[in-house]
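**Student:** From first to last, the protein sequence lines stand for chains A and B.
When the letters of the first sequence are read in order and numbered with this note's numbering, they come out as residues 198 to 530.
When the letters of the second sequence are read in order and numbered with this note's numbering, they come out as residues 25 to 119.
Note that beta-carbon positions come from the ideal geometry of N, C-alpha and C, so glycine has one too.
Everything numeric in this text was worked out from a predicted model, so none of it was measured.
To start, I am sharing the structure in question, which I have written as structure tokens.
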Amino acid sequence: MYTQGLNVKDEHPAAAEDAAKLARFQAKIDAEDKIEPNDWMPAAYRRTLVRQISQHAHSEIMGMQPEGNWITRAPSLRRKAALLAKVQDEAGHGLYLYAAAETLGLSREEMVDQLLAGKAKYSSIFNYPALTWADIGAIGWLVDGAAIMNQIPLCRCSYGPYARAMIRICKEESFHQRQGFEIMLTLCRGTPEQKQMAQDALNRFWWPVLMMFGPSDKESLHTADTMKWKIKRFSNDDLRQKFVDATVPQGHYLGLTFPDPELRFDEASGHWRFGEIDWSEFKRVLAGDGPCNRQRMKVRTQAHLDGAWVREAALANARKRAERAAAARIAAE
Amino acid sequence: MSEAPMPLWEVFIRNRSGLPHKHAGSVHAADAAMALQAARDVYTRRGEAVSIWVVPSSAITASDPGQKDELFEPTASKIYRHPTFYEVPDEVGNM
């Protein structure tokens, strides 16, 4: 998903880095040692990580919206409890990631400002609407499935705080995918109308989910540095193929069909081959013109504004209590 | 313009196994009570903890990574601090 921040070219002019420090830094990475916040690192490594981790954090926070809409309409208490827990996890994951990004020298307030000003991106997938209950199943099964595929290699990322956050996140996310698949399975074993709902959700989400892995390797020329620095470990197309191979048999188990006439199993390679992705749609959604971009930003901005007085009051209260405690100490002396 | 920064706290949790408190991550909160509450919500959603500590991040003094070698390297040559350095005949059994 969530690695879309790594598909952007670092536009900064290449700064002259100290060759000796650079060599030591690279040796450490080659030895699979972790880079920690106070260690020396090249400016471009820091910039790439700040962009990637903060966009990952924003994706978790924005990702609460399509599912949050369905909490009050979940069809049973069991489903409601699971969905609440999942959305709460997304909030938690956003917070772990903001904290990891902050170790690189950017404050959370600054990151939030960048998101709200439209300067920072978040995963394209959250700009698609969740129209029916089956979409909640499809999001868990496919969106979280794709996210896990992307995130597992990040657990071995060279930057310590990011890798540690990803380990926690991956552990917690496996329930997300399973609960989504269970929703799909229940619908597929239900009435013909329910199965049709599941099929419709798969039809709408399949291609946008494949886009989550980012541009094709033919297009994406920015991977050399991130691979060398061991931030990214697999190419976009490799991860996408892995996801397709894992997911197609699951869909067939559900008795569903994929909205791709070119999808076929290639005996020779052992892979599922799929058709060409509509990259113009991907670019359009990334540029801000997807079905829900404006609505998502509006909701996020409003939530932030609505919470401002709470943050302000909490700080004022903490200040007042600290002052009173100090006054009492002086009086007692 | 950015809002006033919320103070940062480091979170340490102890799990059921009785091991020492271990660093789990950090949270932003106005005061210690709210930091504890936030730490509970963010880091213990699956019964990970029986106890939480929160410490203002600004109160932590850390060693300088640049001094890593002189601080930690000297122990590498002191292999006599490990039990395997000493020879005990097999007939004696475990010791």
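Could you name the residues of the same chain whose beta carbon sits closer than 6 Å to that of B/T108, not counting the 5 residues immediately before and after it, in chain order?
**Tutor:** Cβ within range, chain order: n/a, list empty.
**Student:** Which same chain residues end up closer than 8 Å to A/L246 when comparing Cβ atoms and leaving out the 5 residues on each side of it in sequence?
**Tutor:** The residues are A298, L301, Y356, Y359 and I428.
**Student:** Which residue wins for smallest C-alpha separation from A/F462, given the options A/L280, A/V445, A/E478 and A/V284?
**Tutor:** The shortest C-alpha separation from A/F462 is found at A/V445.
**Student:** Is any heavy atom in the ligand ADP found nearer than 7 Å to the beta carbon of A/K427?
**Tutor:** Here there are no bound small molecules, and the ligand ADP is not part of this structure.
**Student:** A/H253: buried (16+ other C-beta within 10 angstroms of its C-beta) or exposed?
**Tutor:** Buried, because 16 or more other Cβ atoms sit within 10 Å of the Cβ of A/H253.
**Student:** By the criterion of Cβ-Cβ separation under 9 Å, what are the contact partners of A/G289 in chain B?
**Tutor:** Going along chain B in sequence order, the residues near A/G289 (Cβ under 9 Å) are D65, V66, Y67 and R69.
**Student:** Can you list, in chain order, the residues of the stretch 35–62 of chain B whose Cβ is nearer than 8 Å to any Cβ on chain A?
**Tutor:** Listed by position, the residues of the stretch 35–62 of chain B near chain A (Cβ gap below 8 Å) are G49, S50, V51, H52, A53, A54, D55 and M58.
**Student:** Do B/P60 and B/V79 have their CB atoms nearer than 8 Å?
**Tutor:** Note that residue 60 of chain B is Leu in the sequence shown here, rather than Pro. Result no, Cβ atoms of B/L60 and B/V79 do not sit closer than 8 Å.
**Student:** Drop a sphere of 10 angstroms on the beta-carbon of A/Q499, count the other beta-carbons inside from all chains shown, and report buried for 16 or more, exposed for fewer.
**Tutor:** Answer is exposed; the Cβ neighbour count stays below 16.
**Student:** Who are the neighbours of B/A28 on chain A, taking C-beta pairs under 7 Å?
**Tutor:** Within 7 Å Cβ-Cβ: L512.
**Student:** Compute the distance between the beta-carbons of A/C385 and A/L453, then report whether it is under 8 Å.
**Tutor:** Yes, Cβ-Cβ distance for A/C385 and A/L453 is below 8 Å.
**Student:** Rounding to the nearest angstrom, what Cα-Cα distance links A/S256 and A/S466 in this structure?
**Tutor:** Those two C-alpha atoms are separated by around 34 Å.
**Student:** Among A/V406, A/W237 and A/E369, whose alpha-carbon lies nearest the alpha-carbon of A/F479?
**Tutor:** Taking only the C-alpha atoms, the option nearest A/F479 is A/V406.
**Student:** Can you find a CB in chain B that lies within less than 8 Å of the CB of A/Q499?
**Tutor:** No, because no Cβ of chain B sits closer than 8 Å to the Cβ of A/Q499.
**Student:** Pull out every residue of the stretch 275–286 of chain A whose Cβ sits closer than 8 Å to any Cβ of chain B, in chain order.
**Tutor:** Here the close residues are A282, Q285 and D286.
**Student:** DSSP has A/R461 in a bridge; who is on the other side?
**Tutor:** A/R470.
**Student:** Please classify B/T99 as buried or exposed, where buried requires at least 16 other C-beta atoms within 10 Å of its C-beta.
**Tutor:** It counts as exposed.
**Student:** Can you give me the C-alpha to C-alpha distance between B/R70 and B/A63, rounded to a whole angstrom?
**Tutor:** Going from the Cα of B/R70 to the Cα of B/A63 covers about 13 Å.
**Student:** How about A/G337 and A/H373: do their beta carbons lie closer than 8 Å?
**Tutor:** Contact: yes.
**Student:** Where A/V340 and A/K439 are concerned, what is the direct C-alpha to C-alpha distance, given to the nearest angstrom?
**Tutor:** Straight-line Cα distance between these residues: approximately 14 Å.
**Student:** Can you tell me whether B/P89 is helix, strand or coil according to DSSP?
**Tutor:** Helix.
**Student:** Measure the alpha-carbon distance for A/D533 versus A/R243 and round it to whole angstroms.
**Tutor:** Nothing about residue 533 of chain A can be reported from this structure: the residues present for chain A run from 198 to 530 only.
**Student:** How is the alpha helix (DSSP H) around A/H373 delimited, first residue to last?
**Tutor:** Taken as a continuous stretch (DSSP letters only), the alpha helix (DSSP H) holding A/H373 covers G357 to C385.
**Student:** Could you give the uninterrupted runs of the alpha helix (DSSP H) lying entirely in the stretch 318–351 of chain A, keeping only those of 4 residues or more?
**Tutor:** Listed in chain order, they are 330–335 and 341–348.
**Student:** Just how far apart, CA to CA, sit A/L451 and A/L382?
**Tutor:** Approximately 6 Å, taken between the alpha carbons.
**Student:** Does A/I428 come out as helix, strand or coil in the three-state DSSP assignment?
**Tutor:** It is coil, neither helix nor strand.
**Student:** For B/V66, count the other beta carbons within 10 Å of its own beta carbon; 16 or more makes it buried, fewer makes it exposed. Which is it?
**Tutor:** With 16 or more other Cβ atoms within 10 Å, it is buried.
**Student:** Can you find a C-beta in chain A that's less than 8 Å from the C-beta of B/P107?
**Tutor:** Not one chain A Cβ lies under 8 Å of B/P107.
**Student:** I need the DSSP call for B/L32, collapsed to helix, strand or coil.
**Tutor:** It is a strand residue.
**Student:** Are there 16 or more other CB atoms within 10 angstroms of the CB of B/V35, so buried, or fewer, so exposed?
**Tutor:** Answer is buried; the Cβ neighbour count reaches 16.
**Student:** Using 8 Å as the threshold, is the C-beta distance between B/L32 and B/H45 below it?
**Tutor:** Cβ distance not < 8 Å, so B/L32 and B/H45 don't count as in contact.
**Student:** Within this structure, are the beta carbons of A/I345 and A/S371 separated by less than 8 Å?
**Tutor:** In this structure, A/S371 lies closer than 8 Å to A/I345 by Cβ.
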